[in-house]
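Heads up, the thing below is written out as structure tokens.
There are 2 protein chains.
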Amino acid sequence: MKRNMRVGAILKKLTDYPGQVFTLNYFVDKLAAAKSSVSEDIMILKRIFNELDLGRIDTITGASGGVVIKPYISDENKEEIVSKIIRELEDTNRLIPGGFLYYADILYSPHIVKDLGEIIAQEFSENEIDYVMTVETKGIPIAIMTANFLNVPLVVTRKDNRVSEGATISINYVSGTTGKLQTMYCAKRSIKANSKVLIVDDFLKGGGTIRGMMDLVREFDSEVVGKAVFMENIGQNEKMIEDYYSILKMNIAENVLNVSSNIK
Amino acid sequence: MKRNMRVGAILKKLTDYPGQVFTLNYFVDKLAAAKSSVSEDIMILKRIFNELDLGRIDTITGASGGVVIKPYISDENKEEIVSKIIRELEDTNRLIPGGFLYYADILYSPHIVKDLGEIIAQEFSENEIDYVMTVETKGIPIAIMTANFLNVPLVVTRKDNRVSEGATISINYVSGTTGKLQTMYCAKRSIKANSKVLIVDDFLKGGGTIRGMMDLVREFDSEVVGKAVFMENIGQNEKMIEDYYSILKMNIAENVLNVSSNIK
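For the record, the sequence lines run as chains A and B.
Letter by letter, the first sequence follows residues 1 to 264 in my numbering.
Letter by letter, the second sequence follows residues 1 to 264 in my numbering.
This is the structure:
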């Protein structure tokens with residue numbers, strides 16, 4: 001088999017399953033090639049990725065070693081992605097009476113949320129993470145994409161208790177958007193004890209919902225290692241949480257919207 | 001720039017954004033290469049994909065032409081993916097009192113739902129589709145992945161009316177799971193008139209929820225071109241819908257679960 005065939009096949013597999021470590025032997029078997037050839041193919045891929053700033057391929061040595069694609073978007077591409085979203089958000093038709101912004105279409109655009117998920121995953125790629133957690137509904141696409149690039153399961157907490165989830169653990173929290181006391185449920189079997197959890201949500205106003213998820217993680221004897229949101233409302237002064245990562249900041253004052261990037 | 005560099009760069013871009021047509025000129029600019037070289041690179045990629053059964057690359061001629069990755073998983077891989085899910089589902093710990101099956105973890109495993117989304121997208125890849133529609137909550141990951149491979153927006157209908165969605169259209173429907181009359185809401189601005197919609201959901205019992213989404217699509221003066229579910233309950237005799245595509249069929253009788261594949 002010619003070299004560019006093997007390089008193409010390896011690249012396709014790694015890109016389709018980011019965060020998953022494939023052993024050299026996996027490709028040796030699949031491509032019926034010598035280990036030394038596969039090893040050279042991977043070196044070529046790493047060089048292509050480095051020279052063209054396409055992404056990050058890590059090789060892990062040792063018994064459980066192999067090759068893996070890690071989340072990486074170049075600074076230039078990040079800026080391009082975020083600027084495009086800001087331009088779309090600045091359409092005045094998006095303002096909804098009551099000081100709200102319509103942005104569901106952005107979070108439901110698969111290629112956009114894929115990029116956003118990779119940006120968040122990259123930010124936390126050096127952390128040990130066992131689960132990504134979000135709360136229904138609008139944050140789910142960005143959270144599943146983040147989980148995809150980190151290759152960990154997603155956990156979705158719900159605002160009502162569903163019979164199909166089996167036993168659940170629940171906590172009460174005060175929603176920053178409505179100011180009301182609400183309940184959040186999470187299937188008992190969805191998180192193993194002593195896990196590390198990255199919380200991902202679409203919007204941060206007061207932080208009540210994320211605070212709720214943090215309390216929930218504690219009930220599972222687990223630890224929150226990061227909090228990330230698509231957009232934070234900086235018009236809201238007091239936040240119930242600190243040390244969070246947000247991609248965009250927004251403010252609506254006197255019916256004028258201002259959105260800007262938090263990406264350096 | 002060497003050929004395998006260009007081939008790698010083109011493959012990475014196409015795989016990252018499936019369903020999106022990139023013009024030859026896009027790669028000519030990005031890679032600072034001659035059009036004839038890029039053209040040959042794409043021929044090489046097509047040959048790699050064909051010979052190794054890796055996927056499907058289409059080239060479109062004409063003014064709006066270019067190159068695109070279409071959803072494709074080989075029959076062998078499909079069988080492998082589905083068999084693995086069935087083995088996981090057949091764990092008796094998954095049975096929940098009341099004849100329910102816990103499978104949220106499957107639908108929240110990003111690499112699994114990515115494969116499932118591509119399987120559904122492939123099934124409908126010859127249809128003209130403007131939107132993928134689902135209802136919150138468990139179907140969202142598989143639906144966003146389907147939308148990703150078809151490169152169309154996702155529309156999520158909700159079970160409650162949220163102020164941040166702006167004006168909504170609602171319909172009433174009878175849930176197959178609970179037998180109760182429920183209401184489903186969808187943001188008015190989420191679907192343009194005269195659109196073609198693919199409905200994707202995680203589970204089909206009686207079909208009431210999908211029937212509800214079909215009614216909702218009609219309220220948007222649009223058309224349903226397909227219905228796809230991850231799993232159907234064949235223990236339920238009467239279905240309120242017909243002509244649907246399902247990946248798995250399941251039945252729980254006397255506390256014994258039976259799951260099998262619908263993939264030929």
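Here a beta-carbon is modelled for each residue, glycine too, at the ideal position from N, C-alpha and C.
Predicted model, so just to flag it, every value in this text is computed and none were measured.
*For residue 5 of chain B, decide whether its Cβ has a neighbour in chain A, counting only Cβ atoms nearer than 8 Å.*
In the second sequence, counting from the first residue as 1, residue 5 of chain B sits at position 5. Residue 5 of chain B counts as touching chain A.
_Please report the straight-line C-alpha distance between residue 248 of chain B and residue 232 of chain B, rounded to a whole angstrom._
Locating residue 248 of chain B in the second sequence gives position 248, where the first residue counts as 1. Locating residue 232 of chain B in the second sequence gives position 232, where the first residue counts as 1. So the alpha carbons of these two residues sit roughly 6 Å apart.
*For the stretch 106-124 of chain B, which residues have a CB atom closer than 8 Å to at least one CB atom of chain A, in sequence order?*
108, 109, 110, 111, 113 and 114
*Let me know if residue 165 of chain B comes out buried or exposed under the rule of 16 or more other beta-carbons within 10 Å of its beta-carbon.*
Here residue 165 of chain B is taken as the residue at index 165 of the second sequence, counted from 1. By the 10 Å Cβ count, residue 165 of chain B comes out buried.
*Which residue comes first and which comes last in the beta strand (DSSP E) that contains residue 157 of chain A?*
Taking the first residue of the first sequence as 1, we reach residue 157 of chain A at position 157. Note, residue 157 of chain A: beta strand (DSSP E), 154-157.
*asked:* So, for residue 263 of chain A: in the same chain, excluding its five sequence neighbours on each side, which residues have a beta-carbon less than 6 Å away from its beta-carbon?
replied: Looking up residue 263 of chain A in the first sequence gives position 263. If we look at residue 263 of chain A and ignore the five residues flanking it on each side, its Cβ neighbours are 78 and 82.
*For residue 20 of chain B and chain A, any beta-carbon pair shorter than 8 Å?*
Translated into positions along the second sequence, residue 20 of chain B becomes position 20. Yes, because at least one Cβ of chain A sits closer than 8 Å to the Cβ of residue 20 of chain B.
*Helix, strand or coil for residue 246 of chain B, going by three-state DSSP, please let me know.*
Position 246 of the second sequence, counted from the first residue, corresponds to residue 246 of chain B. Of the three classes helix, strand and coil, the one that applies to residue 246 of chain B here is strand, per DSSP.
*Mind checking the stretch 178-190 of chain A against chain B and listing, in chain order, the residues whose C-beta falls within less than 9 Å of any C-beta there?*
178, 187, 189 and 190
*Cβ-based neighbour list, residue 88 of chain B, same chain, cut-off 8 Å, excluding 5 preceding and 5 following*: The residue given as residue 88 of chain B occupies position 88 in the second sequence. These residues qualify, in order along the chain: 106.
*Are the C-beta of residue 153 of chain B and some C-beta of chain A separated by less than 8 Å?*
In the second sequence, residue 153 of chain B corresponds to position 153, counting from 1. Judged by the 8 Å Cβ criterion, residue 153 of chain B is in contact with chain A.
*For residue 55 of chain B versus residue 24 of chain B, is the C-beta distance shorter than 8 Å?*
For the purposes of this step, residue 55 of chain B is taken as residue 55 along the second sequence, with counting starting at 1. For the purposes of this step, residue 24 of chain B is taken as residue 24 along the second sequence, with counting starting at 1. Against a cut-off of 8 Å, the Cβ pair of residue 24 of chain B and residue 55 of chain B comes out as no contact.
*Determine the contact status of residue 3 of chain B and residue 4 of chain A, defining contact as a CB-CB distance below 8 Å.*
Taking the first residue of the second sequence as position 1, residue 3 of chain B is located at position 3. Taking the first residue of the first sequence as position 1, residue 4 of chain A is located at position 4. Yes, the Cβ-Cβ distance between residue 3 of chain B and residue 4 of chain A is below 8 Å.
*Could you check if residue 133 of chain B is buried or exposed, using at least 16 other CB atoms within 10 Å of its CB as the buried criterion?*
Mapped onto the second sequence, residue 133 of chain B falls at position 133. It counts as buried.
*Classify residue 118 of chain B as helix, strand or coil using the three-state DSSP reduction.*
What you label residue 118 of chain B is simply residue 118 of the second sequence in a count that begins at 1. Residue 118 of chain B falls in the helix class under three-state DSSP.
*Counting contacts by CB-CB distance shorter than 8 Å, is residue 28 of chain B in contact with chain A?*
Residue numbering aside, residue 28 of chain B sits at position 28 when the second sequence is read from its first letter. So no, residue 28 of chain B is outside the interface.
*Taking Cβ positions, are residue 156 of chain B and residue 197 of chain B nearer each other than 8 Å?*
Start at 1 with the first residue of the second sequence, and residue 156 of chain B comes out as number 156. Start at 1 with the first residue of the second sequence, and residue 197 of chain B comes out as number 197. The answer is no: Cβ separation not under 8 Å.
*When the Cα of residue 15 of chain B is compared with those of B/72, B/162 and B/28, which residue comes out closest?*
Here residue 15 of chain B corresponds to residue number 15 of the second sequence, with the count starting at 1. Cα-wise, what sits closest to residue 15 of chain B is B/72.
*Within 10 angstroms of its Cβ, does residue 9 of chain B collect 16 or more other Cβ (buried), or is it exposed?*
Sequence index remark: in the second sequence, residue 9 of chain B carries index 9 (1-based). Per the 10 Å Cβ criterion, buried.
_According to DSSP, simplified to helix, strand and coil, what is residue 240 of chain B?_
Sequence index remark: in the second sequence, residue 240 of chain B carries index 240 (1-based). Residue 240 of chain B: coil per DSSP, three-state reduction.
_Please report the distance separating the alpha-carbon of residue 80 of chain A from that of residue 90 of chain A._
Locating residue 80 of chain A in the first sequence gives position 80, counting from the first residue. Locating residue 90 of chain A in the first sequence gives position 90, counting from the first residue. Near 16 Å, if we compare the C-alpha coordinates of residue 90 of chain A and residue 80 of chain A.
*Closest Cβ-Cβ distance between residue 148 of chain B and chain A: below 8 Å?*
Your numbering for residue 148 of chain B matches position 148 in the second sequence. Yes, residue 148 of chain B counts as interfacial toward chain A.
*Quick one: measure Cβ to Cβ for residue 154 of chain B and residue 167 of chain B, integer angstroms, because I've assumed they're closer than 8 Å.*
Taking the second sequence and counting its residues from 1, one reaches residue 154 of chain B at position 154. Taking the second sequence and counting its residues from 1, one reaches residue 167 of chain B at position 167. With 8 Å as the limit, residue 154 of chain B and residue 167 of chain B do not qualify as a contact, their Cβ atoms being about 19 Å apart.
*Count the C-beta pairs between the stretch 206-217 of chain A and the stretch 227-246 of chain A that are closer than 8 Å, then say yes if the count reaches three, no if not.*
yes
*Give the straight-line distance between the Cα atoms of residue 63 of chain A and residue 35 of chain A, rounded to the nearest whole angstrom.*
Mapped onto the first sequence, residue 63 of chain A falls at position 63. Mapped onto the first sequence, residue 35 of chain A falls at position 35. Using only the alpha carbons, I get a separation of about 15 Å.
*Between residue 8 of chain A and chain B, is there a C-beta pair that is closer than 8 Å?*
In the first sequence, residue 8 of chain A corresponds to position 8, counting from 1. Interface residue, yes.
*Environment of residue 146 of chain A [buried if 16+ CB atoms lie within 10 Å]*: Here residue 146 of chain A corresponds to residue number 146 of the first sequence, with the count starting at 1. So residue 146 of chain A counts as buried.
*Closer than 7 Å, Cβ to any Cβ of chain A: which residues of the stretch 77-103 of chain B, in chain order?*
96, 98, 100 and 102
*asked:* List, in chain order, every chain A residue whose beta-carbon is nearer than 8 Å to that of residue 158 of chain B.
replied: For the purposes of this step, residue 158 of chain B is taken as residue 158 along the second sequence, with counting starting at 1. Chain A residues near residue 158 of chain B: 137.
*Which residues, in chain order, does the stretch 218-236 of chain A contribute to contact with chain B at a C-beta distance below 9 Å?*
none
*asked:* Among A/185, A/176 and A/76, whose alpha-carbon lies nearest the alpha-carbon of residue 170 of chain A?
replied: Reading the first sequence from its first residue, position 170 is the one you call residue 170 of chain A. Among A/185, A/176 and A/76, the Cα nearest to that of residue 170 of chain A belongs to A/185.
*Between residue 45 of chain A and residue 61 of chain B, what straight-line distance do the alpha-carbon atoms span, to the nearest angstrom?*
The count along the first sequence starts at 1 and reaches residue 45 of chain A at position 45. The count along the second sequence starts at 1 and reaches residue 61 of chain B at position 61. About 30 Å.
_Cα-Cα separation between residue 120 of chain B and residue 258 of chain A, rounded to whole angstroms_ = The residue given as residue 120 of chain B occupies position 120 in the second sequence. The residue given as residue 258 of chain A occupies position 258 in the first sequence. Computed Cα separation, rounded: 39 Å.
*Can you give me the Cβ contacts of residue 42 of chain A inside the same chain, cut-off strictly under 6 Å, excluding the 5 residues immediately before and after it?*
For the purposes of this step, residue 42 of chain A is identified with residue 42 of the first sequence, where counting begins at 1. Excluding positions up to five away in sequence, the list reads 67.
*Just tell me which of A/50, A/188 and A/244 has its CA closest to the CA of residue 217 of chain A.*
By 1-based counting over the first sequence, the position of residue 217 of chain A is 217. Cα-wise, what sits closest to residue 217 of chain A is A/188.
*Return the residue from the list B/163, B/130, B/149 and B/174 that minimises the CA-CA distance to residue 114 of chain B.*
Position 114 of the second sequence, counting from 1, holds the residue named residue 114 of chain B. Minimum Cα distance to residue 114 of chain B is reached at B/149.
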